[in-house]
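Numbering (the numbering used here), first residue to last: 732 to 1193. C-beta atoms are modelled at their ideal positions from N, C-alpha and C, and glycine is treated no differently. Before any comments, here is the structure.
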Ligand SMILES: NC(=O)c1ccc[n+]([C@@H]2O[C@H](COP(=O)([O-])OP(=O)(O)OC[C@H]3O[C@@H](n4cnc5c(N)ncnc54)[C@H](O)[C@@H]3O)[C@@H](O)[C@H]2O)c1
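So this is what it looks like as structure tokens:
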């Protein structure tokens, strides 16, 4: 008999996981507390926006159904993945409220179930949450014992929005935190059948898995912040060019090229909150995650730093265009996006802001609540703006040429290119002042500074 799965929480991650598991030929029953989500899935539609989700659900509709009932799902499946929200609370910790609710319902269902069932939490949680926060709820409500009567694992996914299905089915590794060997072995065997790329499975205690999950994002954000630091230094040395430096740096296999770009800060629903949560847990248990704190602080200071850098270039009453409002290209998600933070900081500094994003315009309009004018095209922005900030490496922005910058004013239009995606020839246009972040734009001044440091100061050893 093939294993039957349930997925509890049909959001951005859960709906995609359910669809991916069905795509691999397994029956999946999804649970959500939202009737509309359940209805959409049962009608063969995606309940959230995600690449290929609509097509995958439609193509595998006979293997996916959804319900409001946790009990129904537990009784008609063998393995359950729980993927409910775990937002940060006021301390910076990931709250367990939604997971606790789901675990209570699952526990009650388990009390009525004959035979073994494996419960797997996929939501991001902090060390100790499983064993000391959620496991007692399951045992109390079911009247059963974890590791004896039912299995329990913590197994988060490493996915990026926009490629959730592809990432879920093709991970670099699977992470399995287990209450006992039987639970971990069963989940490893399930993954061996579900995943497309035969990834290594890393099995460990619940607590080590909880720490590993949050370490991945905090490490990656530290790397991004390191590259941003280098970009800042490159701007201050003659001929400095962050792309030349990181291209070489990434060849060192200990470092690698990924997330080593040097641009604007990171954002989105996961990266920023994971540093805050790691800082919280380490503080609470008597350690101090200073690196995570510095990374977070440095990243949050970026909009302020940009405003300081721009202020000599912005006349009072000037219009500034922010191109890119999602936290990354090809996304409608504006959560903690640098474009939004930058627009907000500019507005607070008294600047008129116009903005455009190919996909995230509607969400940005809501987020900025009428404070910035979200326009329908890049051209509309460029017509009015005397300062243009390109905050995401979106393909629409990459295509811009000198002729597209149409603003006619007393001074050249300032174009700040955070990802260095625009044609270098923009630097030679009389009507444009092109500022690629991470490259020296004033070699003479930069050379003078270094000459002052080293010229005529070097002495010979006596
Ligand atoms: N979105 C990401 O990029 C990402 C990446 C890695 C990990 N995660 C983690 O995955 C978890 C879920 O994230 P998401 O982005 O899919 O959230 P989401 O908000 O998109 O979806 C959560 C879904 O769970 C449902 N839900 C809430 N309580 C429930 C309950 N008791 N029973 C059944 N359904 C319930 C909600 O109605 C919603 O549909 C979070 O812990 C998040 O940190 C998310």
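Next on the checklist: Pull the bridge partners of residue 760 from the DSSP assignment, please.
Outcome noted: As a position in the chain shown, residue 760 is number 29, starting the count at 1. Partner residues in the beta bridge of residue 760, as assigned by DSSP, are 737 and 796.
Checklist entry - In its own chain, which residues sit with a C-beta less than 7 angstroms from the C-beta of residue 1158, not counting the 5 before and 5 after it? => result As a working mapping, residue 1158 is identified with position 427 in the chain shown. Only 1165 meet the Cβ criterion.
Checklist entry - If you pair each beta-carbon of the segment 889 to 901 with each one of the segment 767 to 784, do three or more pairs fall below 8 angstroms? => result Taking 8 angstroms as the limit for Cβ pairs, the verdict is that the segment 767 to 784 does touch the segment 889 to 901.
Checklist entry - Between the segment 906 to 914 and the segment 936 to 948, do at least 3 Cβ pairs fall closer than 8 angstroms? => result Three or more Cβ pairs closer than 8 angstroms define a contact, and the segment 906 to 914 meets that threshold against the segment 936 to 948.
Checklist entry - What residue from 1040, 999 and 946 has the CA that sits closest to residue 1013's CA? => result For the purposes of this step, residue 1013 is taken as residue 282 along the chain shown, with counting starting at 1. Distances from the CA of residue 1013 to each of 1040, 999 and 946 were compared; the closest alpha carbon is that of 946.
Next on the checklist: Under 8 angstroms: do the segment 1081 to 1096 and the segment 1046 to 1058 share three or more Cβ pairs, one atom per stretch?
Outcome noted: The segment 1081 to 1096 vs the segment 1046 to 1058: in contact.
Checklist entry - For ligand 1, is there a heavy atom less than 7 angstroms away from the beta-carbon of residue 765? => result Locating residue 765 in the chain shown gives position 34, counting from the first residue. Ligand 1 approaches residue 765 closely enough that one of its heavy atoms is under 7 angstroms from the residue's Cβ.
Item to check | Those residues which DSSP pairs with residue 1086 across a bridge | outcome: Translated into positions along the chain shown, residue 1086 becomes position 355. Partner(s): 1053 and 1105.
Item to check | Runs of alpha helix (DSSP H) wholly within the segment 838 to 916 (minimum 4 residues, chain order) | outcome: If we require 4 residues or more, the alpha helix (DSSP H) runs fully inside the segment 838 to 916 come out as 866 to 873 and 895 to 900.
Next on the checklist: Quick check on the DSSP output: what are the complete beta strand (DSSP E) runs of length 3 or more inside the segment 1122 to 1162, in order along the chain?
Outcome noted: For the segment 1122 to 1162, whole beta strand (DSSP E) runs of length 3 or above, ordered along the chain, are 1144 to 1148.
Next on the checklist: DSSP three-state label for residue 992, please.
Outcome noted: By 1-based counting over the chain shown, the position of residue 992 is 261. Residue 992 falls in the coil class under three-state DSSP.
Checklist entry - Between residue 816 and ligand 1, is the CB less than 7 angstroms from at least one heavy atom? => result Residue mapping note: residue 816 aligns to position 85 of the chain shown, counting from 1. Yes, the Cβ of residue 816 comes within 7 angstroms of a heavy atom of ligand 1.
Checklist entry - What do you get for residue 1010, buried or exposed, if any count of 16 or more other CB atoms within 10 angstroms of its CB means buried? => result For this step, residue 1010 is matched to residue 279 along the chain shown. Counting Cβ neighbours within 10 Å, residue 1010 comes out buried, since at least 16 surround it.
Next on the checklist: Please report the straight-line C-alpha distance between residue 851 and residue 883, rounded to a whole angstrom.
Outcome noted: The residue you call residue 851 lines up with position 120 of the chain shown. The residue you call residue 883 lines up with position 152 of the chain shown. Residue 851 and residue 883 have their C-alpha atoms some 6 angstroms from each other.
Next on the checklist: When you compare the CB positions of residue 1144 and residue 1172, do they come within less than 8 angstroms of one another, or not?
Outcome noted: Position 413 of the chain shown, counting from 1, holds the residue named residue 1144. Position 441 of the chain shown, counting from 1, holds the residue named residue 1172. Not in contact: residue 1144 and residue 1172 (Cβ atoms no closer than 8 angstroms).
Item to check | Distance between beta carbons of residue 741 and residue 763, contact taken as under 8 angstroms | outcome: As a working mapping, residue 763 is identified with position 32 in the chain shown. As a working mapping, residue 741 is identified with position 10 in the chain shown. Contact holds; Cβ gap of about 4 angstroms.
Checklist entry - According to the neighbour-count rule (16 or more other Cβ atoms, all chains shown, within 10 Å of its Cβ), is residue 1170 buried or exposed? => result If you number the chain shown from 1, residue 1170 lands on position 439. With 16 or more other Cβ atoms from the protein chains shown falling within 10 Å of its own Cβ, residue 1170 counts as buried.
Item to check | Separation of residue 972 from residue 1040, as counted between CA atoms | outcome: Here residue 1040 corresponds to residue number 309 of the chain shown, with the count starting at 1. Here residue 972 corresponds to residue number 241 of the chain shown, with the count starting at 1. Their Cα atoms are separated by approximately 18 angstroms.
Checklist entry - Is DSSP giving residue 1036 helix, strand or coil here? => result As a working note, residue 1036 is residue 305 in the chain shown. Here residue 1036 carries a helix assignment [DSSP, helix/strand/coil].
Checklist entry - Does the separation of the CB atoms of residue 736 and residue 834 fall below 8 angstroms? => result Locating residue 736 in the chain shown gives position 5, counting from the first residue. Locating residue 834 in the chain shown gives position 103, counting from the first residue. If you check the CB distance, residue 736 and residue 834 do not come in under 8 angstroms.
Checklist entry - Taking Cβ positions, are residue 948 and residue 899 nearer each other than 8 angstroms? => result Taking the first residue of the chain shown as 1, we reach residue 948 at position 217. Taking the first residue of the chain shown as 1, we reach residue 899 at position 168. Not closer than 8 angstroms, so no.
Checklist entry - Short check: CB of residue 1153 to CB of residue 1146, under 8 angstroms? => result Numbered from 1 along the chain shown, position 422 holds the residue referred to as residue 1153. Numbered from 1 along the chain shown, position 415 holds the residue referred to as residue 1146. Yes, they are a contact pair.
Item to check | Spatial neighbours of residue 775 in its chain, beta-carbon cut-off 7 angstroms, leaving aside the 5 residues before and after | outcome: Locating residue 775 in the chain shown gives position 44, counting from the first residue. If we look at residue 775 and ignore the five residues flanking it on each side, its Cβ neighbours are 788, 789 and 792.
Item to check | Identity of the residue in 874, 994, 999 and 878 nearest residue 862 by Cα | outcome: For the purposes of this step, residue 862 is taken as residue 131 along the chain shown, with counting starting at 1. When only C-alpha atoms are compared, the closest one is 878.
Item to check | Three-state secondary structure assigned by DSSP to residue 1189 | outcome: Residue numbering aside, residue 1189 sits at position 458 when the chain shown is read from its first letter. Coil at residue 1189, not helix or strand.
Item to check | Completely contained alpha helix (DSSP H) runs for the segment 797 to 822, where each covers 4 or more residues | outcome: Listed in chain order, they are 801 to 806.
Checklist entry - Is it the case that the CB of residue 920 approaches a heavy atom of ligand 1 more closely than 7 angstroms? => result On the chain shown, position 189 is the one that residue 920 refers to. Answer for residue 920: no, Cβ out of range of ligand 1.
Next on the checklist: For a test of your reading of the model: does the CB of residue 888 fall under 7 angstroms from any non-hydrogen atom of ligand 1? Yes or no.
Outcome noted: Taking the chain shown and counting its residues from 1, one reaches residue 888 at position 157. Flag set: Cβ of residue 888 near ligand 1.
Next on the checklist: If you reduce the DSSP assignment to three classes, tell me which class residue 936 lands in.
Outcome noted: Mapped onto the chain shown, residue 936 falls at position 205. DSSP places residue 936 in strand when its eight states are reduced to three.
Next on the checklist: Do residue 1181 and residue 968 have their beta-carbon atoms positioned less than 8 angstroms apart in this structure?
Outcome noted: For the purposes of this step, residue 968 is taken as residue 237 along the chain shown, with counting starting at 1. For the purposes of this step, residue 1181 is taken as residue 450 along the chain shown, with counting starting at 1. A Cβ-Cβ contact shorter than 8 angstroms links residue 968 with residue 1181.
Next on the checklist: Given 7 angstroms as the limit, tell me if residue 932 has its C-beta closer than that to any heavy atom belonging to ligand 1.
Outcome noted: Counted from its first residue, the chain shown places residue 932 at position 201. No.
Checklist entry - Span of the alpha helix (DSSP H) holding residue 1030? => result The residue you call residue 1030 lines up with position 299 of the chain shown. From DSSP, the alpha helix (DSSP H) with residue 1030 extends over 1021 to 1031.
Item to check | With 16 other Cβ atoms within 10 Å as the buried cut-off, status of residue 748 | outcome: Residue numbering aside, residue 748 sits at position 17 when the chain shown is read from its first letter. Buried is the label assigned to residue 748, since at least 16 other Cβ atoms lie within 10 Å of its Cβ.
Item to check | Whole-angstrom distance between residue 806 and residue 989, CA atom to CA atom | outcome: For the purposes of this step, residue 989 is identified with residue 258 of the chain shown, where counting begins at 1. For the purposes of this step, residue 806 is identified with residue 75 of the chain shown, where counting begins at 1. Looking at the two C-alpha atoms, the distance is approximately 43 angstroms.
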